[in-house]
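In our numbering, the protein residues as written are 348 to 798.
The block underneath contains the structure these notes are about, expressed in structure tokens.
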Amino acid sequence: MNGQIREIPGYYYDKLKKKYFKVQTSSAAPASSAYSSLDIKRRKLEDERSEALALGIARQKGLIQRSSGLRNSPLSELLAGENVHSHRDVAQTFVAVGDSYFTVCANLNDATHIYGDAMSNRRRGLKVEDIFWSHEYFGDPGESTSLSINKAHRVAARTWLADTSHAGISIISMASSRVESYANVGVVLGPGISQGHEVSVYSSTAAPPESNILFAFGTSHGIMTVDKRDYDAHFISPKPVLHETYPTDIFALEFLSESPSILLSGGRRGILNITDLRLPKFGSNADTIRHPSSITHIRQLDFHRILVSGLNSSLCQYDLRFRKLDTPPTPTPPRKKPRPIQNPNPTKSILEYPEFHNTASIQHGLDIDSETGALAVGQEHDSVHPPVQIFSLHGGHTLRSPRVEKFDMISRDQVVKCVQWVEDVENRAKSLYIGSNGIWRYAWTGDDDFD
348 MNGQIREIPG YYYDKLKKKY FKVQTSSAAP ASSAYSSLDI KRRKLEDERS
398 EALALGIARQ KGLIQRSSGL RNSPLSELLA GENVHSHRDV AQTFVAVGDS
448 YFTVCANLND ATHIYGDAMS NRRRGLKVED IFWSHEYFGD PGESTSLSIN
498 KAHRVAARTW LADTSHAGIS IISMASSRVE SYANVGVVLG PGISQGHEVS
548 VYSSTAAPPE SNILFAFGTS HGIMTVDKRD YDAHFISPKP VLHETYPTDI
598 FALEFLSESP SILLSGGRRG ILNITDLRLP KFGSNADTIR HPSSITHIRQ
648 LDFHRILVSG LNSSLCQYDL RFRKLDTPPT PTPPRKKPRP IQNPNPTKSI
698 LEYPEFHNTA SIQHGLDIDS ETGALAVGQE HDSVHPPVQI FSLHGGHTLR
748 SPRVEKFDMI SRDQVVKCVQ WVEDVENRAK SLYIGSNGIW RYAWTGDDDF
798 D
């Protein structure tokens with residue numbers, strides 16, 4: 348049928364079947380009827396919602412065209428053009444870290460991770476297959492949960508879900524030779540039983556060079572640290588007890604760069620603890636920020652601002668100078684059916700990212716390019732949301748990147764766990780590396796150097 352669809356009294360036009368159907372009263376319509384008056388009301392509401400969603404998407408696409416004001420900014424390189432290359436010899440990636448060199452960590456056989464040394468190969472036309480990929484063996488297989496690298500001391504820490512209290516953390520020295528090397532297992536640590544039985548290790552972060560700590564670890568029963576001198580591991584948070592807001596299920600950790608003794612931590616409860624390791628305070632005396640939902644990532648942006656992501660599609664910035672000192676909520680009896688954490692009175696944020704989509708995935712990639720102000724995030728994907736979304740770090744809106752948005756090397760029920768911005772070519776905008784069924788490099792150049 349061509350032209351505008353006319354409304355005929357007493358009839359409903361089904362856009363899928365492309366024909367009119369007579370509307371029957373609900374009392375007279377048979378049980379199998381799909382066109383009773385109540386069904387028609389429901390269909391019309393669904394049609395209105397779908398049209399409104401499509402219109403909103405179209406308007407959003409129109410709003411994020413390339414701005415003429417960005418043509419002379421570093422971000423213009425990001426929006427100019429895209430090229431993509433891949434390295435397919437890895438299975439699934441988890442974490443990315445780096446500075447003078449960069450690291451992409453992959454789960455090969457639950458015990459081996461890889462890192463790429465691209466900075467020694469910096470040149471025009473760098474491709475992923477040109478990067479030297481080195482392997483590190485961590486021993487004791489198990490489902491990986493995190494990997495962190497202390498670049499100052501050239502040691503790496505990997506965490507996994509172990510079936511014993513004497514394992515779950517492995518610390519090794521990184522290979523320095525440019526050959527594929529399988530290093531010794533190194534030091535294997537576990538959470539022990541002081542905090543309880545069946546303690547799982549979920550997260551890790553490297554301490555600043557000035558600290559006497561080597562790594563901090565987030566577990567199901569609190570926060571652990573490992574000393575730099577003798578690798579002594581111990582908990583800095585109290586043993587969890589009923590009706591106390593002590594840290595549990597810690598999924599994210601971050602040291603403040605200008606204050607090596609300050610550790611930020613957050614997890615399932617959505618409470619971000621700001622802890623001075625010289626005199627740790629927890630529970631009702633803790634210095635906290637209340638995030639809207641469970642916390643999955645914490646990143647420091649500058650002296651005062653931090654970026655926090657979490658469940659229920661919560662991604663926002665906080666200013667450590669201006670925040671409420673909330674009192675702990677009144678404890679309530681546990682429910683029979685667990686429900687997603689949603690704090691009713693969160694701390695006021697200074698910037699939100701409304702297009703971020705992550706309802707329930709704890710492990711998702713996130714990385715920041717502070718030079719161009721771009722934020723890359725792995726998220727739950729559907730027909731509206733791509734697996735990797737690029738945001739304006741300082742504006743909160745999405746940035747158009749057609750090739751990244753078309754990334755499809757991932758199954759429908761998974762999220763991208765590894766993304767990283769890498770300066771791998773001199774005098775160029777950073778490339779974006781995505782780890783999922785291989786390692787994929789996206790470069791924004793404006794020419795055909797990478798074809």
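Yeah, the Cβ is synthetic: ideal placement off N, Cα and C, and Gly gets one too.
All values reported here derive from a predicted model rather than from experimental measurement.
Cβ-Cβ separation between Thr-506 and Pro-538: approximately 10 Å, too far for a contact (criterion under 8 Å).
The beta carbon of His-513 lies closer than 7 Å to those of Gly-537 in the same chain, with the five residues before and after it left out. Spanning the alpha carbons of Asn-497 and Tyr-578 requires a straight line of approximately 13 Å.
Annotated three-state conformation of Ser-631 is helix, per DSSP. Residue state for Ala-503 is assigned as strand, using DSSP reduced to three classes. For Glu-752, the enclosing alpha helix (DSSP H) covers residues 749-752. Comparing alpha carbon positions, the residue from Leu-654, Ser-758, Tyr-359 closest to Leu-611 is Leu-654. When rounded, the separation of the alpha-carbon atoms in Glu-752 and Asp-716 is 18 Å. Proximity to Pro-693 across Ser-661, Ser-783, Lys-391 peaks at Ser-661, based on C-alpha coordinates. A straight-line Cα-Cα distance of about 38 Å links Ile-352 and Asn-705. Fully enclosed beta strand (DSSP E) runs of no fewer than 3 residues occupy 534-536, 548-553, 560-566, 569-574, 580-582, 597-603 of the segment 522-603, in order along the chain. If you check the CB distance, Phe-564 and Ile-709 do not come in under 7 Å. For Lys-388, the three-state secondary structure derived from DSSP is helix. Val-766: member of the beta strand (DSSP E) spanning 765-769, first to last residue.
Per DSSP, the continuous beta strand (DSSP E) segment holding Phe-368 begins and ends at 366-369. Taken atom to atom, the span from the alpha-carbon of Gln-726 to that of Leu-494 is near 20 Å. Here the segment 728-745 makes contact with the segment 755-764; the two share three or more CB pairs at distances below 8 Å. Looking at the backbone, the Cα of Lys-777 and that of Leu-667 are separated by about 29 Å.
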